[in-house]
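The structure under discussion appears below in the form of structure tokens.
Protein chains: 2
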Amino acid sequence: MNVSYYRLAVLGNIRVLDNLSHLLDKAAAYAAANKIEERALLDARLFPDMFPLIRQIRMVSDMSRFAPAWLTGKEAPKFEDDETGFAALKMRIANSIVYLQTFKESDFADSAAREVRLPWNPAKAYRGEVFLLQHSIPNIYFHLTTAYALLRHNGVPVGKADYLGSID
Amino acid sequence: MNVSYYRLAVLGNIRVLDNLSHLLDKAAAYAAANKIEERALLDARLFPDMFPLIRQIRMVSDMSRFAPAWLTGKEAPKFEDDETGFAALKMRIANSIVYLQTFKESDFADSAAREVRLPWNPAKAYRGEVFLLQHSIPNIYFHLTTAYALLRHNGVPVGKADYLGSID
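Chains A and B supply the protein sequences, listed in that same order. Remember, the numbering used here sits 40 above the position in the first sequence when you count from 1. Remember, the numbering used here sits 40 above the position in the second sequence when you count from 1.
Structural data, given as structure tokens:
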């Protein structure tokens, strides 16, 4: 049995973004109910040299767009890092979903063997298959889970079901 | 393009376990170098009602075995939860890899449509495909990343490269 690249890199990423957006709803409600500045949550870190929550959220959004773009030779839109609160971050996530919805199964016909180069390390080429399985999927779940951990650590009442989303 | 269930649920899980084992090496070395009791790290949580590190580690190990077993109608070995330090937990991980190595591609011929029931909620049946993509993969990365976050939060010098492992 097999799973298509489209399901893994497009539908899977849309699920992740939907779940992240739901987590941010809970964070925003918690901040409002407890008179916590949203920025206090968005600047939270688990250790001083880790990226704060706001960057974890942006990384999920960016990786979710760049992965299918790089696997299909397309150019993903880049977004300004100018959000200052949960509402704007939810818009970034929604715009990422809109972009992902432009992909079709057939876009991935050549993806397994396609050469993928990361902008921050262009000297190194990955086969598309290696990029998808060993880089994209682990990284997207990494930043989603880290965002969840930061919310949990700061008392936001989220649970595993919020992270997983509704299962079909 | 497609990815096989075997790659996702067996080879992918072996990668996760290898990387977790490597993270535990770093944690054990950090504990020894800083005269920290291993148990202090293993009992660490990000919030009082979250599972501590030791349970996160066991959950990665268990889910990595149960997922391919449930997708193929096999019975995965259960391990006693009797480890008290990193060496024993690394053995649990190693034994999980030994079990995963018994699977072959052909074991997954019927997995997409197979009915999977979780022991803690047997009334609910998931199609194998839904279980793999919406439950198993997100959960395994969730507990791996949470283990990483707990180590990071406690000062263990691990980075993204330790989480991702060497990329082919």
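Where is the CB? At the ideal position from N, CA and C, for every residue including glycine.
Contact set for residue i: own chain, Cβ-Cβ below 6 angstroms, skip 5 residues either direction
i, result
"B:LEU190", "ALA84 and LEU93"
"A:TYR166", "VAL156"
"A:GLU169", "ALA152"
"A:SER176", "ALA107"
"B:ALA163", "none"
"B:TYR70", "VAL196"
"B:SER101", "ARG132, ILE133 and SER136"
"A:GLU78", "ALA71, GLY125 and PHE126"
Residues of its chain near residue i, where Cβ-Cβ distance is below 7 angstroms and the 5 sequence neighbours each way are ignored
i, result
"A:ALA67", "LEU81, PHE126, LEU191 and VAL196"
"B:GLU115", "ALA109"
"B:ASN194", "LEU81 and ALA84"
"A:VAL198", "LEU63, LYS66, TYR188, LEU191 and ARG192"
Chain A within 8 angstroms of residue i, Cβ atoms only
i, result
"B:SER104", "no"
"B:ARG112", "The sequence given here places Thr at residue 112 of chain B; Arg does not occur at that position. Cβ-Cβ to chain A under 8 angstroms: no for B:THR112."
"B:SER151", "yes"
"B:PHE143", "no"
"B:PRO108", "no"
"B:LEU48", "yes"
"B:TYR70", "no"
"B:PRO178", "yes"
"B:ARG192", "yes"
"B:PHE182", "yes"
"B:LEU204", "yes"
"B:TYR139", "no"
"B:PHE148", "yes"
Nearest-angstrom beta carbon gap, residue j and residue i [assumed within contact, 8 angstroms]
i, j, result
"B:ILE133", "B:LEU57", "5 angstroms"
"A:ALA187", "A:LEU86", "With a Cβ gap of about 11 angstroms, A:ALA187 and A:LEU86 do not count as contacting."
"B:PHE148", "A:MET99", "Not really, about 32 angstroms apart at Cβ, beyond 8 angstroms."
"B:PHE182", "A:TYR181", "7 angstroms"
"A:LEU184", "A:LEU60", "6 angstroms"
"B:ILE137", "B:ILE207", "B:ILE137 to B:ILE207, Cβ: 19 angstroms. No contact."
"B:TYR46", "B:PHE143", "7 angstroms"
"B:ARG154", "B:LEU204", "B:ARG154 to B:LEU204, Cβ: 30 angstroms. No contact."
Within-8 angstroms CB hit, residue i to chain B
i, result
"A:GLY52", "yes"
"A:LEU86", "yes"
"A:ILE97", "no"
"A:PRO92", "no"
"A:LEU60", "no"
"A:THR185", "yes"
"A:SER136", "no"
"A:ASN42", "yes"
"A:LEU208", "Looking at the sequence shown, residue 208 of chain A is not Leu but Asp. So, interface residue."
"A:LEU173", "yes"
"A:ALA189", "yes"
"A:VAL170", "yes"
Limits of the unbroken beta strand (DSSP E) element including residue i
i, result
"B:ALA44", "The sequence given here places Ser at residue 44 of chain B; Ala does not occur at that position. Element bounds for B:SER44: 42–44."
"A:GLU155", "155–157"
Element boundaries [alpha helix (DSSP H), containing residue i]
i, result
"B:SER101", "93–112"
"A:ARG132", "126–140"
"A:GLU78", "78–82"
"B:ILE54", "52–73"
"B:LYS200", "200–204"
Residues of its chain near residue i, where Cβ-Cβ distance is below 8 angstroms and the 5 sequence neighbours each way are ignored
i, result
"B:LYS200", "none"
- Which parts of the stretch 159–189 of chain B are runs of the beta strand (DSSP E), unbroken and 3 residues or longer, counting only runs that do not cross its ends? Runs found: 165–167.
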